[in-house]
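Under this note's numbering, the very last position in the sequence shown is 137; numbers go up by exactly one each time.
So the structure is just underneath, and the comments pick up after that.
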Amino acid sequence: MRALALLIVLTVSAAAGSAVAQSRPYGHPWPGATVGDSHRYEMDRQRALSDQRAAEARAYQSEARLTVLEIQAARQPPLYTGYAVAAPGSPEQARLEREVATERRRTVTRETTQIDDWLDRRP
Numbered sequence: 015m016r017a018l019a020l021l022i023v024l025t026v027s028a029a030a031g032s033a034v035a036q037s038r039p040y041g042h043p044w045p046g047a048t049v050g051d052s053h054r055y056e057m058d059r060q061r062a063l064s065d066q067r068a069a070e071a072r073a074y075q076s077e078a079r080l081t082v083l084e085i086q087a088a089r090q091p092p093l094y095t096g097y098a099v100a101a102p103g104s105p106e107q108a109r110l111e112r113e114v115a116t117e118r119r120r121t122v123t124r125e126t127t128q129i130d131d132w133l134d135r136r137p
C-alpha cells in the first residue's frame with residue numbers, strides 16, 4: 015500500500031515538473047530570445063494594448079456624444095418662454111397702434127351696449 019502511494023506521489027510530481035519545464039519564463043517571447051528581444055517584444059505588446067485602449071476610448075466618446083444628443087432631443091420645450099419685448103418704434107407707428115386700440119375699444123363698447131340694451135328692454 016505504501017509502495018502504491020509512493021508511486022502515485024512520484025507520478026504526480028513528475029507530471030507537475032514537466033508542465034513547469036514546458037512553460038516559458040515571463041517576458042521571454044520565444045525560446046532562446048535575448049534580453050533585447052524580450053524588451054522589444056514587451057514594448058510592442060504594450061503599444062498594441064495602448065492603441066487598443068485608445069480606440070476603445072474614442073468609441074466611448076462618440077457613444078457619449080450620441081447619448082447626449084439623444085437626451086437633448088428628447089427634452090420637452092420649456093412651458094413658458096416669456097413675453098417678447100417690443101422694439102421701440104417710430105412715433106407714427108405708436109400713433110397708429112393707439113388709433114387701432116381706440117377703434118377696438120369703441121367696437122367692443124358698441125357691441126356690449128347692444129347686448130345690454132337688448133337685456134334691459136321692456137316686455
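Don't be surprised by glycine CBs; every beta carbon is placed ideally from N, CA and C.
Roughly how many whole angstroms lie between the Cα atoms of A87 and P102?
Counting from 1 along the sequence shown, the entry for residue 87 is found at position 73. Counting from 1 along the sequence shown, the entry for residue 102 is found at position 88. So the alpha carbons of these two residues sit roughly 35 Å apart.
Helix, strand or coil, according to DSSP, for A86 in the structure here?
For the purposes of this step, residue 86 is identified with residue 72 of the sequence shown, where counting begins at 1. Contrary to the premise, residue 86 reads as Gln rather than Ala in this sequence. Helix at Q86.
Through-space distance from R89 to S76, alpha-carbon basis
Residue mapping note: residue 76 aligns to position 62 of the sequence shown, counting from 1. Residue mapping note: residue 89 aligns to position 75 of the sequence shown, counting from 1. C-alpha separation (whole angstroms): 20 Å.
Tell me the DSSP secondary structure of W132 in three-state form.
Numbered from its first residue, the sequence shown carries residue 132 at position 118. Three-state result, W132: helix.
Helix, strand or coil: how does DSSP classify P105 here?
Locating residue 105 in the sequence shown gives position 91, counting from the first residue. Helix at P105.
Do you know offhand how far S64's Cα is from D58's?
Reading the sequence shown from its first residue, position 50 is the one you call residue 64. Reading the sequence shown from its first residue, position 44 is the one you call residue 58. Going from the Cα of S64 to the Cα of D58 covers about 10 Å.
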